[in-house]
Structures are given as structure tokens and as C-alpha cells.
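Structure record follows, encoded as C-alpha cells.
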Ligand SMILES: Nc1ncnc2c1ncn2[C@@H]1O[C@H](COP(=O)(O)OP(=O)(O)OP(=O)(O)O)[C@@H](O)[C@H]1O
Ligand SMILES: [Mg+2]
């Protein structure tokens, strides 16, 4: 008697309702020959009946499945002898409930069961069985009821198509709001945790302090656990790595986009474009160890041969590799934008005696510029949020430095280090990760909004 | 003019219905394709888009101080032929042009010839207005700038005002030269493109339906401009308006399904067409 069986049953009801609804519509119209007296095609009457049979039943099923256990637990708990719950903390009480459930399902229990617990477990099982039966009955009844309702409502004048369409629209709205609500939920939870963090650490220190050392003392006498939360070194580190990345990605990406869209013969484009896009398919963790194991030592040796002191995990190495990762991003976005400039623009320029490079410089790039800028902003927000490469190649030391040869750390790296391993969830150290995450989120969101706005403006220009 | 008969001249030969149906063989042109004082000479021009042939063995001259109008039903290849004259077809993938086209005796499809200066000499106004997404001023200044026609801002300003005036747009835009050209109405854009083309003073001007979006007054201004330009330049104009062809051109060429059916003095074409297809078209019996 599994719920999935019930789901199949409801689906069966829906198909049945579909056929019944269609038949009914045709018969109320007075036979197949008089279908044109129906407001909508018979299919819509079928769908209408199927939706009436299915939707309320499925809704009930969902609600039931969601709340059944809570209600049963509350019931079982209320029947426990009062002495058993007396003086138990909420945590201990839920542990007890868990044990009773485990006992009921025959799983391992964390204590020797008392007769009261055994009794409660038996009751739980009984209620559960009863509840499942009740759900089957209720859901089937609702499905049949819905079908009957649709059957009664079906008549030629009913606007079945309009109704079905508005229901489908409502379903689409619900699904799209799931995505929106999820985002909202994440934002709210991050915001909430950040508030808690800012109650312990002043925002002034966080945003303007230059010392980052998030180890809070577990014991009062611990040394070196000052717990300083000045995030400026993280921000500058992030900025430096991203700037180096953009320094690599923008020229290379833009040039290759111009070459591919304007100069490359068709044959070259056919293999060069996919090859470039392979770069985008390389997992970032691979870039990460490429940066840490190949590029960083190489830069270090190069620097040493020139008498420079290069850290083994330098901002330069991380930035360079991140730049390579972002190249396809910049190039494919710019290429799309350049291709979107209508051929008529090029023709107009050529017809005035302009060369190809003049046309590119004076017509195509200016026309595509807003879109290109938008693409670059998207790439920047990608760089700022990139984690794996910097975790492996940029280092952990929160240095406040402008020297790309030194090791720096970034916001994302710190979030990772703050949250990996066992953590208490109410220490300032852990909550600092949320504050960092919030900052990151706000910055990338702003960049994305600006970028999308620019790109959209640009698209409008040619529509 | 048509007394000197060269290889191209009048070959009266009834088109057989079998030929009409097959649509393969090119039809021979009726009338004199030559011009007494030619600037551009096209001989046996074929144009292919991939494997389909859009222009079939067309020969036509465009003379000095002459306006040649090209008429014919939609899709018959007027734009395609026009685009051959300044090698604009080079920009279309898979487009192939054979035959010979010369400008002042020089083969413009010669391997060694650079199409860039050619296009400065043979300007073109496109069927669809295509202003650059720049200001009105910059749209017109574009050509003179890249060709280095002016030495000072004042000279450039003069050229721009002159071109806009000739295109009949000056009064409408003189207060908003710095506004984007793409923000103009369709007809204004069309005139902006005309102004842009004449700003570089090309010697031959190709106009593809330059008045298709214009009201009668603006059309009259453009026709006046064409007449004025004729004293120095050569002009080929594609138009769907028979009246316009009659008003502005000295010679008229009638195209039909990629063939040049008939060429002649405009008067003669409109009053006394020799070919049945031409007659059908100008009397409105076509399709
Ligand atoms: N870029 C192209 N690729 C393939 N075929 C084309 C292309 N441009 C035009 N053609 C074809 O060539 C033929 C002639 O087209 P063209 O644009 O020259 O006609 P037109 O006489 O200018 O017509 P209209 O009066 O409608 O502008 C048409 O059959 C058209 O489908
Ligand atoms: Mg055309």
C-alpha cells in the first residue's frame, strides 16, 4: 500500500475522466455530427474533467503526506504518560519520539525500550495503518467526486478551453514561483544569519577592518585566537585575482570573438569555436590543480630567475588560470553580440568604401559595445564567485597587499575554510561565512542586473 | 543610338512556350543594351546563389550622365544585379558572379582589384534603410571621415549640411544632429542613407528603391536630386514605380526571372514596348 500506487491510481482516474469528459461533451452536444455546437473542442472537455479528477486529489495527497507524520506524532505524544515527558528539553523529547518511531519500524533504538515506549510504538503503527487507509479512501473519493463534478458541469455552453488554459497557466505560474521562492529563501536565510553575525561583530569592523583572523577562542586562555573580522584583505584579494583574470580574459576573448565572427573562414570557425568551448567544459577543480601544480611553480621559478620573491601560492597564478577559464565565456558572449549586429550595418559601411578593419572598428564594435560590456560584467561576476581555482592556488593568508606575486586570499576561499570541517553553528566564525556570502551575493547580483540591463537595451536596438 | 548595332542589338525572336516553361535557357535581350558613352559595361553576367542562378546572362551599359532604371516583378534579380556593380555580392556567402563588368574600361572583378576603393567610387543606397547606430551627424560624416575627404571640422560640417539638404532631410534634423540615426522614421532613415551615400561623392550611384518609404513630397525631392546628380554622375535606380522610372530615367531595363528582357529608351519602353513580357508588365497584366 505504497503512496506511489495511489499516485498511479489517481493517474488512472484522470485518464478515465478524460475519456468520460470527452464522451459526455459529445453526447451533450448531440453526437459527433453536432460537435460544432460545443464551445470548445471535445479534447478540452476531457482535459477539464481530468484536471478536476486529478488536481484536488493530488493536492490532498500532497498535504496529507506532508502533515500525516506530525499529526500522528502529536497524537502519540499526547497519549504518553505525562511523567515520561516531564522535564525533558525539546531536544531530548524529539530524541524520545525518534526512538519510538524506530521501535515502531523495527530499527535500532538508542536505549532499552520501556513498556510505555513499546505501547506508544504499537499505537504509532496502528494509527499509521489507519491513516494510510484513510488517505486512500479520501483521495479516491475526491478524484471520483471531481470527475462527477466535471461530468455535471459539462454542457455545450461551458467554456472548457478557457478554463483548462487558465489552469495550465496557473500551474506554470506555480512552478516558476518555486524557482523564485527558492532564491528568496536562500537570500533570507543568508540575510538572517548575517544579521546575527553583525550583532556580534560590528559592520564597521567587517567592512573596513584590515585584519582577518577568524579563529575565535574556544577556551579563554587560548593564544592566537583573537577573532578579528576585518574583511578588507579578502575584498582586495578577490579584486586582485579577478582583475588579473579579466586582464587575461577580456583581450584574448574579445580578439578571438572578432576573429571568429569576422575573419575566420567557415572551416576554421567550424573547429575553432567548439575547441574554445571545450575550455568552458573543463571542471574548475582541474583548472585548480593546473594552477596550483603547474602554473604557480612555473611563475615562482620564473620570478626567482629574475631575482623576484614569488610566493608559492600567488595571486598571479590563480588570476592567470581563472582568466583562461573565463576566456570562452567572454568570447562566446561577445561573438553572439557581434553576430547580432545586422549584416546591413556591414554592407552600409562597405558601400561607403570602408575596409573590413575600419568597419569592425568604427561600426561593429561600437554597435556591439553595450552587449560586450554586459558580457564582460557577467564574466566579472563569474570571476568573483569562482571558488575552486582560488582555493587551490591563491592561498589562505589574508594579506593586504597590492603585489600580485604574494599570496592573497579571497572571499570564496574564506567561506570554504570557515565552513569545512566540524563547526558550531552559532559561533561568530561560522556566521562570518554568511556575512561574506551575503556581500558576495549582493555584489554579483548587482553586476548581473547591470549587465543584463545593458544587454537587453542593446538587443532592443535591433528589434 | 540604336543604329549602331553590335552583337547585343535587337534580336527579334519569339520566345517559345517550351522555353518559357523550362525557365532554364536565358532569354535574349530585346533592344540596345549599349550606351553611347558608357561608364560601366556589363557583359554576360551570371549570378549564382549556391546552385540557383539569380541572374542569367545579362549585358547592360550604364552611361555617363545617365539614369538607368531597372524595373521588374519582385524577386526577378534587380537588387542582385545592382549589387554586382560595386561587388557588394562579395559579402554574401556562396554568391558567385561570372561574366565581365568594367568601370571606365577596368574589370572590377579582376583578381588584383581592391573592392574597397571601387565601392567609394560606386556608391549604393540599399533597399532597406540601414543607418549606423550612431548620431545623425556621425552617420553622414562616416564616409568623408574614412576616406579622408576633409581637412577641417568646418569643411566636414559643410559636406554634412549639403548632403542632408540635397536629401531633403536637413530641415527635419538640423536641431538634432546628435540624436541617433536609428531613431528616425523609416522614410527619414531612407533619406539619411541617401545623404550618407552622396556625402562621399561617388561617381556612380546605385539606388535600390530609394523612395519606397517616402511620401510624394520627399519623393519629389529625391527625384530632383537624382536629376541634379545626373549632370556629374551615372545612376542606376531600381524602382517599383513605373511613373518614377518614366520621370527620372533616360533608359529603362526590364528584368524578369533573372533575365534582362528588354532595354531601351525610357520613352520607348513605356510607350512602345517590343517584348510581350514588358508590355504585360507595364500595362499591369503581369502575374
Ligand atoms: N542572399 C541570397 N541568398 C540566396 N538567394 C538570394 C539571396 N538574395 C536574393 N536571392 C534570390 O535571388 C533572386 C533575386 O532576388 P533579388 O533580391 O535580386 O530580387 P529583386 O528583384 O530585388 O526583388 P524585390 O523587388 O522584391 O526587391 C530571388 O529569387 C531571391 O530569392
Ligand atoms: Mg530588391
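Residue numbers (full-length UniProt numbering), protein chains in the order written: chain Y, 1 to 463; chain A, 1 to 287.
Virtual Cβ for every residue (Gly too), placed ideally from N, Cα, C.
All figures in this text were calculated on a predicted structure; none of them were measured in a lab.
query: Does the Cβ-Cβ distance between residue 17 of chain Y and residue 158 of chain Y come in under 8 angstroms?; result: no
query: Would you mind stating whether residue 396 of chain Y and residue 409 of chain Y have Cβ atoms separated by less than 8 angstroms?; result: yes
query: Taking only beta carbons into account, state which residues of the stretch 342-353 of chain Y come closer than 9 angstroms to chain A, listed in chain order.; result: 342, 343, 344, 345, 346, 347, 348, 349, 350, 351, 352 and 353
query: Shortest alpha-carbon distance to residue 147 of chain A belongs to which of A:116, A:191, A:235 and A:275?; result: A:116
query: Does DSSP put residue 56 of chain A in a helix, a strand or coil?; result: strand
query: Using a beta-carbon distance cut-off of less than 8 angstroms, what residues from the stretch 365-393 of chain Y approach chain A?; result: 366 and 367
query: Within the 8 angstroms Cβ cut-off, does residue 363 of chain Y reach chain A?; result: yes
query: Whole angstroms is fine: what's the gap from residue 151 of chain A's alpha carbon to residue 212 of chain A's?; result: 35 angstroms
query: In whole angstroms, what is the alpha-carbon distance linking residue 119 of chain A and residue 353 of chain Y?; result: 5 angstroms
query: How about residue 92 of chain A: is its Cβ closer than 7 angstroms to a heavy atom in ligand 1?; result: yes
query: So residue 418 of chain Y packs on residue 433 of chain Y, CB below 8 angstroms; how close in whole Å?; result: 4 angstroms
query: By the criterion of Cβ-Cβ separation under 8 angstroms, what are the contact partners of residue 358 of chain Y in chain A?; result: 146
query: For residue 454 of chain Y versus residue 374 of chain Y, is the C-beta spacing smaller than 8 angstroms?; result: yes
query: I'd like to know if residue 420 of chain Y contacts chain A, where contact means its C-beta is closer than 8 angstroms to some C-beta of that chain.; result: no
query: Within its chain, find whatever has a CB closer than 6 angstroms to the CB of residue 319 of chain Y; leave out the 5 residues flanking it on each side and keep chain order.; result: 241, 244 and 245
query: Does the structure place the stretch 68-84 of chain Y close enough to the stretch 31-41 of chain Y that three or more beta carbon pairs sit under 8 angstroms?; result: no
query: Whose C-beta lies closer than 8 angstroms to the C-beta of residue 22 of chain A among residues of the same chain, with five residues either side of it excluded?; result: Since pLDDT at residue 22 of chain A reaches only 44, below the 50 mark, its modelled position is unreliable, and the value read off the structure follows with that caveat. Answer for residue 22 of chain A: no residue qualifies.
query: What did DSSP end up calling residue 175 of chain Y once you bin it into helix, strand or coil?; result: helix
query: Name the residue from Y:273, Y:153, Y:366 and Y:37 whose alpha carbon lies nearest to the alpha carbon of residue 49 of chain Y.; result: Y:153
query: Starting from the beta carbon of residue 355 of chain Y, find every residue of chain A whose beta carbon is closer than 7 angstroms, and list them in chain order.; result: 116
query: Alpha carbons only, please: which of A:284, A:277 and A:67 is nearest the one belonging to residue 266 of chain A?; result: A:67
query: Can you pull the chain Y residues whose beta carbon is under 8 angstroms from the beta carbon of residue 288 of chain A, in chain order?; result: As shown, chain A starts at 1 and ends at 287. That puts residue 288 of chain A outside it, with no answer to give.
query: What did DSSP end up calling residue 229 of chain Y once you bin it into helix, strand or coil?; result: strand
query: Could you check where the alpha helix (DSSP H) with residue 163 of chain A kicks off and where it finishes?; result: 153-166
query: Secondary structure at residue 205 of chain A, three-state DSSP: helix, strand or coil?; result: strand
query: Listing by chain order, which chain Y residues have their CB less than 8 angstroms from the CB of residue 196 of chain A?; result: 348 and 352
query: Are three or more beta carbon pairs between the stretch 269-289 of chain Y and the stretch 362-380 of chain Y nearer than 8 angstroms?; result: no
query: Could you give the DSSP three-state label for residue 312 of chain Y: helix, strand or coil?; result: coil
query: Taking 7 angstroms as the cut-off, is the beta-carbon of residue 239 of chain A closer than that to any non-hydrogen atom of ligand 1?; result: no
query: Would you verify that the beta carbon of residue 151 of chain A is, or is not, closer than 8 angstroms to some beta carbon of chain Y?; result: no
query: Could you tell me whether any non-hydrogen atom of ligand 2 is closer than 7 angstroms to the CB of residue 78 of chain A?; result: yes
query: For residue 194 of chain A, list the residues DSSP reports as bridge partners.; result: None, per the DSSP bridge assignment.
query: Please report the distance separating the alpha-carbon of residue 321 of chain Y from that of residue 388 of chain Y.; result: 11 angstroms
query: Going straight from the alpha carbon of residue 291 of chain Y to that of residue 247 of chain Y, what length do you get?; result: 17 angstroms
query: For residue 341 of chain Y and residue 347 of chain Y, what's the separation of their Cα atoms in angstroms?; result: 11 angstroms
query: Tell me whether residue 190 of chain A, by its Cβ, gets closer than 7 angstroms to a heavy atom of ligand 2.; result: no
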